[in-house]
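Counting in the working numbering, the sequence shown runs from 263 upward without gaps.
Yeah, the Cβ is synthetic: ideal placement off N, Cα and C, and Gly gets one too.
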Amino acid sequence: MPEDVSAPGEIHALLGRGTAYAGKLTFEGRVRIDGTFDGEIFSSGTLIVGDSAQVKGEIDVGTLIVLGGHLEGRIHARELVELHAPGKVVGDIVTPQIFIDRGVVFEGKCTMGDELGSAPETHELHSEERLLDDLESAATLTEADVTADADVMDVVGAPPARSTPPEGATELEDEAILEDEPTEPGVV
Numbered sequence: 263m264p265e266d267v268s269a270p271g272e273i274h275a276l277l278g279r280g281t282a283y284a285g286k287l288t289f290e291g292r293v294r295i296d297g298t299f300d301g302e303i304f305s306s307g308t309l310i311v312g313d314s315a316q317v318k319g320e321i322d323v324g325t326l327i328v329l330g331g332h333l334e335g336r337i338h339a340r341e342l343v344e345l346h347a348p349g350k351v352v353g354d355i356v357t358p359q360i361f362i363d364r365g366v367v368f369e370g371k372c373t374m375g376d377e378l379g380s381a382p383e384t385h386e387l388h389s390e391e392r393l394l395d396d397l398e399s400a401a402t403l404t405e406a407d408v409t410a411d412a413d414v415m416d417v418v419g420a421p422p423a424r425s426t427p428p429e430g431a432t433e434l435e436d437e438a439i440l441e442d443e444p445t446e447p448g449v450v
């Protein structure tokens, strides 16, 4: 499938095998990297990362197609990201659509927006916000909440609370057990 991906469009520029570039790249149309690139890439067009490519940096393009190689950095693609084996991508991806082929290694987070050019929609809370929400929830528990939780526990199979003394126990023994008071042997 990787051969079919690059065939339909004309390649406007190529950073070939054995070529290294560091800096900022802006382009129109389609650009393919098969060499080493370190820096920033900005375009509304299509960036193709070939099987021998080593790309590191910030990428903001219309479409990103990884045919192999290694890509590391923050990625924003306004239309589509395609990751094909044996590619490896390390970093966070923001895109409305993504395709990940079997055999691709992807280490990072993917956030998908609903519309092109829209702000990314993420449903994760930062750990600090999550902790704050948990603390606020715990601080506002009422007796009704605790009772409701106990009823739920009874339903899901927790042992029921004992409402009668164990068989053979006297009322005083039961109170001592429930109140956790020390009792002397032989004293009832």
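So for residue i, helix, strand or coil by DSSP?
i    : result
E272 : coil
E290 : coil
T281 : coil
H346 : coil
Does chain C have any CB closer than 7 Å to the CB of residue i?
i    : result
V317 : This model lacks chain C altogether; it includes just one protein chain.
Hey, quick one: how far does the beta strand (DSSP E) through residue i stretch, first residue to last?
i    : result
Q316 : 316-328
H332 : 332-334
V366 : Neither: V366 is in no beta strand (DSSP E) and is coded neither H nor E.
S305 : 298-305
Taking DSSP's pairing of strands, which residues face residue i in a bridge?
i    : result
T373 : V356
Assuming residue i contacts residue j (C-beta within less than 8 Å), just tell me the rounded distance between them.
i    : j    : result
G291 : G307 : 5 Å
I295 : I321 : No, I295 and I321 are not in contact; Cβ-Cβ is about 10 Å, not under 8 Å.
G324 : R340 : 5 Å
V328 : L345 : 5 Å
V245 : F368 : There is no way to answer for residue 245, as the model of the chain reaches only from 263 to 450.
R364 : G353 : With a Cβ gap of about 20 Å, R364 and G353 do not count as contacting.
Let me know if residue i comes out buried or exposed under the rule of 16 or more other beta-carbons within 10 Å of its beta-carbon.
i    : result
T288 : exposed
T298 : buried
M415 : Residue confidence for M415 is low, a pLDDT of 40 falling below 50, so the modelled location carries little weight; the figure read from the coordinates is stated next. It is exposed - the Cβ of M415 has fewer than 16 other Cβ atoms within 10 Å.
For the ligand FAD, any of its heavy atoms closer than 6 Å to the Cβ of residue i?
i    : result
K371 : As presented, the structure is devoid of all ligands, the ligand FAD included, so that no description of it is given.
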